[in-house]
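Everything below concerns the one structure shown next.
Residue numbers (the working numbering): 34 to 548.
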């Protein structure tokens with residue numbers, strides 16, 4: 034058996050049966066071996082950033098690793114931005130990077146690079162397989178490593194001669210790594226903290242599951258503790274019938290009132306809040322002065338069990354407060370951020386997956402969808418734009434029975450627009466609302482916030498996406514996706530309803546009035 038067959042067989046036996054890929058010459062034996070191991074589903078991407086982002090989206094919804102296959106160091110580098118986002122999401126992901134044959138590296142061929150150095154920027158585990166007889170065990174270890182530390186990227190470097198060499202054998206799976214329990218003494222301390230005069234409970238990671246949110250709601254009802262969610266969650270359950278929670282704001286000045294008066298901050302799977310960037314004259318650490326920080330559960334620990342244990346201690350007879358069904362009025366007139374959010378809220382199907390990379394245009398979205406149909410929210414965890422379309426693609430592969438709605442800004446869409454081609458090729462149920470305001474609106478906002486006063490014509494020109502105007506509906510149709518352009522809120526509602534009722538991918542280009 035050649036190494037590639039042993040590798041793929043071990044991945045499948047370990048539960049990793051989807052591989053997003055953009056292969057090259059060094060990976061041809063991996064590609065050939067897909068016919069030998071038909072249980073591995075291979076999904077082709079036209080750009081490495083689509084493959085890595087899709088693997089991230091898949092892991093967030095499936096709750097298990099996907100594999101991603103990349104071509105040498107430059108291919109890994111092309112996928113690095115969305116690997117960064119996956120790292121921040123604690124997504125389990127097995128990244129297989131093809132490399133030159135071991136005996137060929139000494140010639141320093143054009144694509145030769147230090148793959149380990151590139152990989153370490155986002156990976157928690159990096160290893161090069163040195164011989165076909167080792168590849169099965171290395172693959173099993175990679176899957177186990179991806180599941181460690183609460184979910185991380187495990188990068189396995191696969192030299193071409195290890196891939197095509199004989200003498201390989203699959204290895205037995207390591208088994209599922211369980212989350213580490215939280216010690217009883219930590220729960221005891223949390224009981225005291227939650228009973229403090231002004232405690233804020235900050236949720237992140239698995240704490241934003243339905244079970245975690247229910248426990249947090251009980252704690253809040255019994256103790257008066259304020260509950261917040263991290264600003265950019267990997268996955269958060271929302272909507273009618275789910276315990277609601279407000280996210281930490283993006284703008285630092287908006288976080289200050291959220292935490293005002295807090296004497297204790299209890300972290301449940303979330304990091305302490307800090308400003309997204311440094312700003313002249315503003316605080317970097319957003320924890321109020323005099324507020325003590327405590328950790329209930331860190332990533333890799335069983336945060337849901339810890340929250341439930343805490344709730345049983347302080348709120349044994351208290352029921353959670355669940356969001357009631359509530360929808361905004363059907364919008365009309367020209368499209369702006371508020372009418373767009375309302376249109377999405379009233380058309381969101383039950384158990385949809387909502388992917389938000391609308392950036393500045395999404396500020397009204399959380400309020401509009403708080404009482405909408407129950408859904409899972411995926412956000413831009415690491416701040417590296419170009420995540421929305423690929424994450425939506427991977428989520429749709431993981432849950433073909435659920436409708437994915439991706440709210441995507443125009444500037445960041447162009448980073449990974451090739452994801453539309455993969456959606457068409459795989460006939461994925463993704464409806465993309467492409468917000469076209471012809472600008473990098475987030476950068477216009479940041480230009481003011483960093484104190485760059487009085488920008489001139491040349492500076493403003495660098496934040497303008499006109500000249501020429503991007504036509505996303507035409508771009509989408511060119512990649513096989515049904516696409517229309519709308520200018521009114523009522524037209525957006527009508528097209529959303531049509532799109533979610535029809536199978537396959539759709540794109541609705543929403544021409545937004547600048548706000």
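For each residue, glycine too, the CB sits at the ideal point set by N, CA and C. Remember, it's a predicted structure, so these values are computed and weren't measured experimentally.
Below 6 Å CB to CB, which residues in the same chain sit around residue i once its five sequence neighbours on both sides are set aside?
{"i": "residue 523", "result": "365"}
{"i": "residue 156", "result": "186, 188"}
{"i": "residue 515", "result": "539"}
{"i": "residue 190", "result": "130, 132, 148, 161"}
{"i": "residue 94", "result": "428, 431, 432"}
{"i": "residue 297", "result": "226, 229, 232, 325"}
{"i": "residue 101", "result": "53, 84, 85, 88, 128"}
{"i": "residue 375", "result": "361, 364, 401"}
{"i": "residue 178", "result": "158, 187"}
{"i": "residue 391", "result": "440, 442, 468"}
Kindly list the residues whose CB is nearer than 7 Å to the CB of residue i, restricted to its own chain and excluding five residues on each side of it in sequence; keep chain order.
{"i": "residue 348", "result": "251, 252, 254, 255"}
{"i": "residue 380", "result": "526, 529, 530, 533"}
{"i": "residue 363", "result": "379, 526"}
{"i": "residue 135", "result": "192, 194"}
Residues in its own chain within less than 8 Å of residue i by CB, not counting five upstream and five downstream?
{"i": "residue 448", "result": "82, 114, 418, 419"}
{"i": "residue 301", "result": "234, 235, 236, 237, 240, 245, 249, 329, 330, 336, 339, 340"}
With distances taken Cα to Cα, identify the nearest neighbour of residue i among the options.
{"i": "residue 263", "options": "372, 275, 247, 281", "result": "281"}
{"i": "residue 329", "options": "338, 321, 323", "result": "338"}
{"i": "residue 344", "options": "220, 108, 128, 528", "result": "220"}
{"i": "residue 50", "options": "92, 471, 233, 529", "result": "92"}
{"i": "residue 427", "options": "87, 122, 119", "result": "87"}
{"i": "residue 463", "options": "351, 96, 118, 452", "result": "452"}
{"i": "residue 133", "options": "116, 123, 294, 103", "result": "103"}
{"i": "residue 378", "options": "533, 517, 55", "result": "533"}
{"i": "residue 351", "options": "248, 381, 368, 434", "result": "248"}
{"i": "residue 382", "options": "399, 436, 412", "result": "436"}
{"i": "residue 182", "options": "415, 211, 323, 43", "result": "211"}
{"i": "residue 346", "options": "223, 213, 200", "result": "223"}
{"i": "residue 69", "options": "40, 386, 512, 57", "result": "40"}
{"i": "residue 80", "options": "506, 454, 503", "result": "454"}
{"i": "residue 121", "options": "322, 415, 139, 314", "result": "415"}
{"i": "residue 38", "options": "471, 154, 508, 170", "result": "170"}
In the DSSP assignment, the alpha helix (DSSP H) including residue i goes from what residue to what residue?
{"i": "residue 549", "result": "Lying before the first or after the last residue shown, residue 549 is absent from the chain, which here runs from 34 to 548."}
{"i": "residue 222", "result": "217-227"}
{"i": "residue 110", "result": "105-111"}
{"i": "residue 137", "result": "Where residue 137 is concerned, there is no enclosing alpha helix (DSSP H), given that its DSSP letter is neither H nor E."}
{"i": "residue 91", "result": "81-95"}
Quick check: is any heavy atom of the ligand NAP less than 8 Å from the C-beta of residue i?
{"i": "residue 191", "result": "The ligand NAP is not part of the structure shown, which contains no ligands of any sort."}
Starting from residue i and walking both ways along the beta strand (DSSP E), at which residues does that stretch end?
{"i": "residue 245", "result": "Counting along the chain, residue 245 falls outside any beta strand (DSSP E), though it belongs to the alpha helix (DSSP H) covering 243-256."}
{"i": "residue 288", "result": "Run containing residue 288: none in the beta strand (DSSP E); it sits in the alpha helix (DSSP H), 285-292."}
{"i": "residue 58", "result": "Taken as a continuous stretch (DSSP letters only), residue 58 belongs to no beta strand (DSSP E), as it is neither H nor E."}
{"i": "residue 186", "result": "186-192"}
{"i": "residue 341", "result": "No beta strand (DSSP E) holds residue 341; the alpha helix (DSSP H) holding it covers 336-347."}
{"i": "residue 330", "result": "325-330"}
{"i": "residue 298", "result": "297-301"}
Cβ of residue i less than 9 Å from any chain B Cβ?
{"i": "residue 135", "result": "No chain B is part of this structure, which consists of one protein chain only."}
Spell out the partners DSSP gives residue i in its beta bridges.
{"i": "residue 144", "result": "Its beta-bridge partners do not exist; DSSP assigns none."}
{"i": "residue 441", "result": "390, 467"}
{"i": "residue 542", "result": "467, 518"}
{"i": "residue 75", "result": "52"}
{"i": "residue 42", "result": "None; residue 42 has no bridge partner."}
{"i": "residue 262", "result": "236, 280"}
{"i": "residue 9", "result": "Outside the displayed range of the chain (34 to 548) lies residue 9, so it cannot be described from this structure."}
{"i": "residue 161", "result": "190"}
Three CB pairs or more closer than 8 Å across the segment 525-543 and the segment 449-460: yes
Any contact between the segment 434-445 and the segment 295-314? By contact I mean 3 or more CB pairs, one from each, below 8 Å. no
Quick check: the segment 59-66 against the segment 192-202, are at least 3 beta-carbon pairs closer than 8 Å? yes
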